[in-house]
Amino acid sequence: MRTSRPAALIGGLSLVAGGLSAALIATPAAAVPGAGSAVFVNEIHYDNDGTDAGEFIEIANPAGADLTGWSVVLYNGSNGATYDTDALSGTGQVQALTYAANGIQNGSPDAVALVDAAGSVVQLLSYEGTLTATNGPAAGQTSTDIGLSEAGSEPLGQSLQLTGTGATYGDFTWTGPADDSPGTANTGQTFTGGGGPAQPVADCGDGPLAVDTDASGSREVSAVDADSRIVTAEITSDAVQGISLDGFTASAADGEPATATLNVADTTPDGTYEVDIELTTDDDPAQTATCSVTVVVSDQDAVTPISTIQGDGDASTLVGERVNVEAVVTSVITANDVTDGFFLQEEDADADTDPATSEGIYVFCRNACPDDLAAGDRYRVSGEVAEFNTTTQVAAAFGDGSFELLESGAPLPTAAVVELPADASTEDPTTFEDVEGMRTTISTTLAVSEYFNQARFGEIVLTAEERPYQFTQLNEPSEAGYAAHLADVATRQIILDDDSNSQNAATSGPENNEPYYYPTPGLSTGNFFRGGDTITELTGVFEYAFGAWKVRPVAGADYTFESANPRPAGPDEVGGRIQVASFNVLNYFTSIDDGADTCGPAADQECRGADSQAELDNQRAKIVDALARIDAEVVGLIEIQNDGDDASVADLVAALNEREGAGTYAYVATGFIGTDAIKQAFIYQPAAVQPVGDFDLLTSADDPRFDDESNRPALIQTFEEVETDERLTIAVNHLKSKGSGCGAGDDSPLDGSGNCDGTRTAAAQALVDHLASDPTGSGDPDTLIIGDLNSYAMERPISTLREAGYTDLLQRFEGDDAYGYLFDGQLGTLDHGLATATLDEQVTGAGGWKINADENPLFDYNDTVHDTAGEPDFERKSTALPLFEPNAFRSSDHDPVVIGLDLGDPRETVQMDIDLRPGKVEVGKTRPRLVVEVEDDDDRRQVVSGVVQVSFEDEVRTETLQRGKALFELGTFDTPGEVVVTVEYLGSQTHAPSTETFTFEVREGKNRGSD
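Throughout the sequence shown, residue numbering follows mature numbering (1 follows the signal peptide of the UniProt record, and there is no 0), covering -22 to -1, 1 to 989 in sequence.
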C-alpha cells in the first residue's frame, strides 16, 4: 500500500478520490462477471519491469451513460479488504484512472470492483487468482479471474486489455500484455454503442488549466469518431468573461480528429470555472461527445496558510486552485530511491488557533523535487491543491510547481499529541483529519501486531494496549459480535510506514540492497522486534493512504522497540514419557519451485516452497533445528510435498539423523495421498515408539461429509510405546483453508468463521465417526487429533470435536492465552491437539512453541537472489544486513504444538490383602467368608473407595468397599478340592483397577466313630 499522486484526467473523466467505509455492511447479491454490462473494466496495467509506473485502470462506457456516483474499488488479496476507492463521473466512452508508481497491488491475487451509483457491484474482477472480499461494497463476494496476468518482466507501456467488437463486456475478450492505450479504445476494439454506430470520444487534456491573474492561457481539445466526422464544437456551460473556444478545425475524414483551442484571456476574473465542451458528429441523427476543463485564475504570488488549504472539513475547498505555501519540511518521502514528495508544516508562530484545521500537508513533487531536501528546511512551494484518497496535498510534480529554499536548519514544529483508541476507526479518513500531514505523537504504548508487509511495503501494524485475538478464537461466531469486534480493533490500530512510496524499497531502484527501515538503524538478526514488543511516544507524520491512517517517519525520532516477548529457547515443559508434536512446515518441497507444473500426484501443479537449492538448504536447516529442539517422539507434519517416494519427509529425517545420530528418527511411508501438491506425514523416534499395523486415510470414499477435494485426507496411524506396550492412535489433519470461498451456505465471512466453515465442520463430524470405528484396529480408545484444522478455537469445527467428547488441550493448558498463528494483525490457533476422554487423563501438558507467529517473515528461508520470474519480488531479501540464521525462528508461519503424555493409567495403584475366615474349609460344613482389604500403595492412611468383584466356580459376586474393606459370604462347598477365586478391584476416579488370585483347599471332614 503506497501513497500515490492524484488520479489523472484522461478521456474527459473528472476524478475525485473516494473514502473507504469502515462500517460492516450487509452482503449484496453475488457479483457476476458482468457479461451484459454496458459499463465495464476495459484495460488494466499493474506490474512491469523495474519500479511499476504508469499504472491505470480503464473503464469502458460505450453508450455514454452518466457515471456520476459510480466508483472503482481496489481489493487486496492478502486479506480481502479494500485499499483504494476512486469516484467516476461524466459520460466519457473510455475513462482511465491513473495511479502513482506501485499504486495498484501486484496480484496473487488482487481485484477491481466496479460499483454503480446505487452501491451495487457490477463487476468484481481479479488477476492472478480469485479472492473473497471481506469488506466494502463487495463484502462476501468472490471475484472472477480474468485469466491473464502481468509477470513484472514486461516493459513499461503494456497492459491487459479487451479486444473485439460490441457494446457490452461479454462481447470482448481479454488479451495481453500488449501495447497500452489508456483513455482510448484498445487496439482491435470497436464499440458499436449497442448495435448502432461507433461513439465519438472527446479529450480535454489532463488536470486543471491554471492561469495567473491578468495573464492569458490556452489548451487544445479534440474529439474523434471511428465512423464519422466531428463537425462542430461549442462551450455548453455558462458563459465566463474572457473564456472562449476558438480555432475549430473539423475532422478531415471519418476517424480523423477534430481540434479546437480553449482560450482564457487576461481579462478573466479570478476564480475557478468548470467549462463544458460538446463536440458533434455528422451522423444522422448526430452524436455528441463531451468533456470538461477546470479553469483556475488566481494570483500566483500570494501565500496561503496550510490551515486555510486544509480547512475544517473532510476535503479542501481549494481543490484545483494554485497556491503558494511557506513552511518547514518535516519528512521526506522517496520512490525508487529518489525524492517523491515531502511533508510541510507551518512554523509554530504561523499556526492558527483552530484545532479542527491541520497545519501540515503533503507536497507531491515527483520528477521535480528540490535536491538535498532535509527536515528543517523552510521552503516556498507553488502548486495545485488536490485530494487523493481523501488526502489533501499540493501537487507540484512533473514541472507543474516551483520551489524556493528560504532557510535551512529551522526548528521542527511542535508535534500534536493524540492517543489510541481513537474516537472512530483508523480506516475512516476523517478520524485524524485535524492532524493530517502534521508531526504527531501517539501518547499510548503500542504493541507490534503485524509485520507481514514490512518487506513489500515497509509497514508494521501497531495496536494500543495489547495485541488483539481473532474474534472466534475467544467468542462463538456472531455477526453482531464480529462487527463490534472489528469496529473496536479499528479504533486501536495504526500503521507505521517507512519513508518510501515504492514497493520492495529495500531491494528496488538504484540502491537495491538497503536496510529494512524498522527498527532503527535497520532490521537484522541482531536488531529485531517480535510480535508483542512495544513502542511508546511514537512520533511521525500522520497520513491517510489506501484506506488507513499511517505514521511516516520523521528525523530525530526513535523507532526502536521495547522487548516484551523474548524468544523462547525451547518449548515449555509439557512433561510425559513421550511427546507428540504437530508442525506445519510451510511447503517443504525437495522439488524446487521453478514455475513449472511438475508437482502433485498427476504432476500438473506448480511446486511450492524453495525457489532454489540454496533456499531449500536454508529451509531444511531451520526446520531441522526446530524439530531437534522439540525432540518429540512422534511428529505430525503438515504442508509437506505430496510425493510418491516420500522423498521430502525422507530428506528431513536424513538431516535429523545426521544431527541427532543414525536411526534416531524414522518416518511412516505413505506415498501419494489425495490429489493436492501437499500432504501430511509422520516422523517418529523408533527407540521410543513403533507404528502398529498400516496407516489409514479418511477420504470422501469413507464418508461423503469429508470432502477430500477441499480437505486433505486425514492420515491416521497407531503407535505403541516400546517401554510399556501402551497404544495411541494419532490423526494428523489439514482442513480446507479460509482463503477462498466454497459457496453460499458454506462460507460465513460475516460472523467471523470465514470461508468454508461448513466444509470444515462436516469434515470434523466425519472425523469423529471414523475414529470411533477404530480404523487402524488398535483395540485402544486413546486417540489424538492434531494438525492444521484452519479453525479458531470457538468455531464450529472445533466445537464439533469438543461436543463429541474430545478435550481441546491448548484450551485446557493455555486457556485464553493460546495462539499459534497471526493473520491480519490478530492472533489465534489454527493448529490444535484434541484428546479423547480416555487419553485426556494421560496428558501431562500441552502448549505452542512461539517461534514463528511472533517472528518477522524476513527471517525465513528466502535468500538474497530473485530466482525465477514467478518468485514474488518481496521474497528477494536485501544484503545490507544479515537476515538469515540456521535456527528454528521463522522456520514456518505456524507455531508447532507439543503435547506430553504418560501413556497408561495415571491413577494411583492399590494393593489388596485377602483373608479367608476360617482358614480351614470342610465339605458341606464350613461357611467361609472372604475379607478383602484394599489400600493405597503409597499411603496406607488413605481410604480407598470403589467396588470389589470375586469370581469362583460359577459364582460372581460384588460388594462396595466400606472403609476400605469388603466381606463376601462364600457358602458351603459340596465337593473337596482346590478353589480358585479371582478378586478384582474395579477402580475409581483416583485409583486404578487391580486383580489378584486367591486359592484355598476344601477338605473332607473327619468321621467320629462309635464304640
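Glycine residues also receive a C-beta, built at the ideal position from the N, C-alpha and C atoms.
- Per DSSP, GLN619 is one residue of the beta strand (DSSP E) stretching across 612 to 619.
- Remark: C-beta atoms of THR69 and THR268 approach each other more closely than 8 Å.
- The beta carbons of ALA95 and GLY47 sit closer together than 8 Å.
- Cβ contact annotation for VAL395 (same chain, cutoff 6 Å, sequence separation greater than five): THR419, SER421, in chain order.
- Closest option to ARG868, judged by alpha-carbon separation, among ILE570, TYR105, PHE561, THR512: PHE561.
- In the three-state scheme derived from DSSP, where H, G and I count as helix and E and B as strand, SER270 is classed as strand.
- In terms of Cα proximity to LEU713, the closest of ALA655, GLY949, GLY765 is GLY765.
- Take ALA163, set aside five residues on each side of it, and the residues of its chain with a beta-carbon closer than 7 Å to its own are VAL72, PHE169, in chain order.
- Looking at the DSSP output, GLY144 shares a beta bridge with PHE169.
- For LEU257, the closest C-alpha among the options GLN789, PHE226, LEU939 is that of PHE226.
- Rounded to the nearest whole angstrom, the CA to CA distance from GLU411 to ALA334 is 8 Å.
- The straight-line gap separating the alpha-carbon atoms of SER49 and ALA16 is approximately 15 Å.
- Relative to ALA824, the option among LYS943, ASP725, ASP550 whose CA is nearest is ASP550.
- Residue pairing by DSSP leaves CYS720 without any beta bridge partner.
- DSSP places GLU234 in the coil class of the three-state scheme, outside both helix and strand.
- In this chain, the beta strand (DSSP E) harbouring ARG895 covers 888 to 895.
- Within the stretch 806 to 838, the complete beta strand (DSSP E) runs of at least 3 residues fall at 809 to 813, 821 to 826.
- Nearest to THR512 by alpha-carbon distance, out of PHE524, ASN543, PRO488, THR938, is ASN543.
- Membership of PRO155 in the beta strand (DSSP E) is indicated by the continuous run 150 to 157.
- Between the C-alpha atoms of GLU454 and GLY614 there is a straight-line separation of about 28 Å.
- Secondary structure note for VAL627: its alpha helix (DSSP H) is the uninterrupted segment 625 to 638.
- With a threshold of 16 other beta carbon atoms within 10 Å, GLY525 meets it and is buried.
- Here the alpha carbon of ARG981 sits roughly 9 Å from the alpha carbon of GLU956.
- The criterion of a C-beta distance shorter than 8 Å is satisfied by GLY58 and THR112.
- In the three-state reduction of the DSSP assignment, ASP349 falls in the coil class.
- Just so you know, the alpha carbons of TYR494 and PHE801 end up roughly 21 Å apart.
- The beta-carbon separation of GLU128 and LEU140, rounded to 15 Å, does not stay under the 8 Å limit for a contact.
- For the options ASP685, VAL700, TYR645, GLN663, the alpha carbon positioned closest to that of PHE673 is the one of TYR645.
- Only exposed fits GLU701, as fewer than 16 other CB atoms lie within 10 angstroms of its CB.
- Bounds of the alpha helix (DSSP H) holding LYS600 are 591 to 608.
- Taking 8 Å as the cut-off, the Cβ atoms of ALA692 and LEU745 count as close.
- A residue is called buried once 16 or more other Cβ atoms fall within 10 Å of its Cβ, and ASN840 is buried on that count.
- Per the C-alpha coordinates, the member of GLU687, SER688, GLU611, ASP621 positioned closest to GLN668 is GLU611.
- DSSP places ILE284 in the uninterrupted alpha helix (DSSP H) bounded by 284 to 288.
- In the structure shown, the three-state DSSP call for ILE124 is coil.
- PRO283 and PHE321 have their C-alpha atoms roughly 14 Å apart.
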